[in-house]
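Chains as they are written, first to last, in the numbering used here: chain A, 277 to 502; chain B, 277 to 502. Here is the structure we will look at.
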DNA sequence: CCAAATATTACTGTATACAAAATATTGAGA
DNA sequence: TCTCAATATTTTGTATACAGTAATATTTGG
């Protein structure tokens, strides 16, 4: 939709601001509830209020910020309820995605998926790789599946739902055991897709998401005890 | 998300402009490919360019307009491919919705659903009722199911997907036979939900969407022959 | 009369200015 | 010292101004 992510010099400032603010929110640099004040943001980023406001409109529509009437924007708070709502939808759409991927992935698509998995695996093997790299490699792997569905709308919605959970994805990547079991799960998914075995693929992806859900809920429980 | 739809006088102009433009696009008054020029829109709506631009940012993020670099916004074109992409996702999420509705709808929710259906039925019976009323009553019926899921994210995404197809929904309501079969389908869905029979409910809702898909694709075929 | 070069126009992208509203602050009186 | 009102400050919402670029019209040479 908006996002092709190549920051070239012809990209409008609003896009740059949008990407910058979104990254800050998803990485937790801007905390939930924090106010986004236009003038200070404008000063910090060295632009005027106009592109700041337009970026906020985009973030608002994506659900990452909420507008308080006459009080401006603040970073959206995520409740356990909302997170589980997202996961419920996501599980359904991930299932649809893997089904369609089984039907529609070409040999090249499958090669790209294997390639992405190998990359993720190498980051897991490397003890020095940081969480951001790891998370990106995981995203890239799942993206190859999404792309395999050939359904642009599905790709877009899934990418969006994933972003809503970025902060929590980081959590479950901290655990080394979790990482290696992710590799196992990825490989099972790949094999199922390769043999076009949609029943198996659905089973594995469901398990994959369920595992994530468990870890995320546990980490929220832990966090709410602070 | 953005949309609580009560146009009160404290609503920012950007919201009013956003809702106005969206309605125009969905009702086909602004045609696909048509350019949205800021100054003329500003003059027409009696506001300055600022709220127009912010509304365009929201529409852009919703996918209803696309930005051509340095050429501004134009109404997004919908291809058959895109429409079928939307329908594929929608079928999956409608299925999820009816499942969760079976689990979670309260007696009041079910009463509201029956009520909405009766209203739709009376519009169908009335030969004078216009298509817009009919479409709204149909929307209201399905909304009661969405609300029954208690999943705000799901409600929001389904509402959004439905909007993408507004133009085509009108098509299949033109046929009187179609309308009465809609009533039958609605009733079947209600009974399944009432008895918490999720298998049956899923079967009926799938059929419901499949019927829509058939009619819409037929109407697009017909239209593309112009 | 046609084509290329140039001038003009129109529109976007960005910055800034101004008004109204909300919030914070100050000060007077009890 | 506390409370409440008046004032100041901050911040949003909207309008407008200005610059740069792409599209279009115009002119000029062949």
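Glycine included, C-beta positions come from ideal geometry on N, C-alpha and C. All values derive from a computational prediction rather than experimental measurement.
I'd like to confirm the pairing. Which residues does DSSP put opposite residue 311 of chain B in its beta bridges?
B:350, per the DSSP bridge assignment.
Going along chain B, which residues have a C-beta under 8 Å from residue 369 of chain A?
Scanning chain B for C-beta atoms nearer than 8 Å to the C-beta of residue 369 of chain A yields 365, 368, 369, reported in chain order.
Terminal residues of the continuous alpha helix (DSSP H) containing residue 469 of chain A?
Following the DSSP letters along the chain, one finds residue 469 of chain A inside the alpha helix (DSSP H) bounded by residues 452 to 470.
Would you verify that the beta carbon of residue 493 of chain A is, or is not, closer than 8 Å to some beta carbon of chain B?
For residue 493 of chain A, no Cβ of chain B is located within less than 8 Å of the residue's own Cβ.
Would you mind telling me which residues of chain B sit closer than 9 Å to residue 484 of chain A, beta carbon to beta carbon, in chain order?
In chain order: nothing, as chain B lies at least about 18 Å away.
Anything in the stretch 328 to 344 of chain B with a Cβ closer than 7 Å to a Cβ of chain A? List those residues in chain order, please.
Within the stretch 328 to 344 of chain B, the qualifying residues are 329, 330, 333, 334, 336, 337, 338, 339.
Specify the secondary structure class of residue 395 of chain B as computed by DSSP and reduced to three states.
When secondary structure is reduced to three states using DSSP, residue 395 of chain B falls in the helix class.
Rounded to whole angstroms, how far is the Cβ of residue 492 of chain A from the Cβ of residue 359 of chain A, which I believe are closer than 8 Å?
So it is a contact: roughly 7 Å between Cβ atoms.
Is the shortest distance between the beta-carbon of residue 428 of chain B and the beta-carbons of chain A less than 8 Å?
True, the Cβ-Cβ gap to chain A drops below 8 Å.
What are the partner residues of residue 344 of chain B, as DSSP defines its beta bridges?
The bridge partners DSSP lists for residue 344 of chain B are B:348.
C-alpha distance - residue 416 of chain A paired with residue 400 of chain A, whole-angstrom precision
Their backbone Cα atoms lie some 14 Å apart in a straight line.
Quick check: the Cα distance between residue 439 of chain B and residue 297 of chain B, rounded to an integer number of angstroms?
Their backbone Cα atoms lie some 13 Å apart in a straight line.
Would the stretch 410 to 426 of chain A and the stretch 367 to 377 of chain A be scored as touching if the rule is three or more Cβ pairs under 8 Å?
Between the stretch 410 to 426 of chain A and the stretch 367 to 377 of chain A there are three or more inter-stretch CB-CB distances shorter than 8 Å, so the stretches are counted as touching.
With distance defined between alpha-carbon atoms, name the residue in A:442, A:411, A:341, A:420 nearest to residue 390 of chain A.
Of all alpha-carbon atoms in A:442, A:411, A:341, A:420, the one lying nearest the alpha-carbon of residue 390 of chain A is that of A:420.
Can you tell me whether residue 491 of chain B is helix, strand or coil according to DSSP?
In the displayed model, residue 491 of chain B falls within a helix according to three-state DSSP.
Under 7 Å between beta-carbons, which chain A residues line up against residue 354 of chain B? List them in chain order, please.
Proximity of chain A to residue 354 of chain B at the Cβ level (cut-off 7 Å) is not reached, the minimal Cβ distance being about 11 Å.
Compute the Euclidean distance between the alpha carbons of residue 305 of chain A and residue 310 of chain B, then round it to the nearest angstrom.
Put simply, the backbone Cα of residue 305 of chain A is about 40 Å away from that of residue 310 of chain B.
Which residue wins for smallest C-alpha separation from residue 588 of chain A, given the options A:322, A:313, A:302, A:471?
Outside the shown range of chain A, which is 277 to 502, sits residue 588 of chain A, and nothing can be said about it.
My output table needs one value for residue 322 of chain A: the three-state DSSP class, helix, strand or coil.
Residue state, collapsed to three classes: coil.
May I ask you to list, following chain order, the residues of the stretch 390 to 405 of chain A that have a beta carbon less than 8 Å from some beta carbon of chain B?
The residues in question: there are none.
When the Cα atoms are used, what is the spatial distance from residue 394 of chain B to residue 459 of chain B?
Cα to Cα, residue 394 of chain B sits roughly 9 Å from residue 459 of chain B.
Quick check on DSSP: helix, strand or coil for residue 424 of chain B?
Three-state DSSP puts residue 424 of chain B in a helix.
Per-residue contacts from residue 358 of chain B into chain A (C-beta, under 8 Å)
Correct list: 428, 429.
7 Å CB neighbourhood of residue 382 of chain B in its chain, flanking five on each side removed:
No residues qualify anywhere along the chain.
Hey, would you say residue 449 of chain A sits closer than 8 Å to residue 455 of chain A, going by beta carbons?
Against a cut-off of 8 Å, the Cβ pair of residue 455 of chain A and residue 449 of chain A comes out as a contact.
Which stretch, first to last residue, makes up the alpha helix (DSSP H) that contains residue 299 of chain B?
Per DSSP, residue 299 of chain B belongs to the alpha helix (DSSP H) from 289 to 302.
How long is the line joining the alpha carbons of residue 470 of chain A and residue 398 of chain A, rounded to whole angstroms?
Roughly 21 Å between the two C-alpha positions.
For residue 286 of chain B, would you say it is in contact with chain A, using Cβ-to-Cβ distances shorter than 8 Å as the test?
Closer than 8 Å to some Cβ of chain A, the Cβ of residue 286 of chain B qualifies, so yes.
In terms of residue numbering, what span does the alpha helix (DSSP H) encompassing residue 361 of chain A cover?
Start and end: 356 to 380.
Taking DSSP as the reference, what is the three-state secondary structure of residue 441 of chain A?
The answer is coil: DSSP assigns residue 441 of chain A none of H, G, I, E or B.
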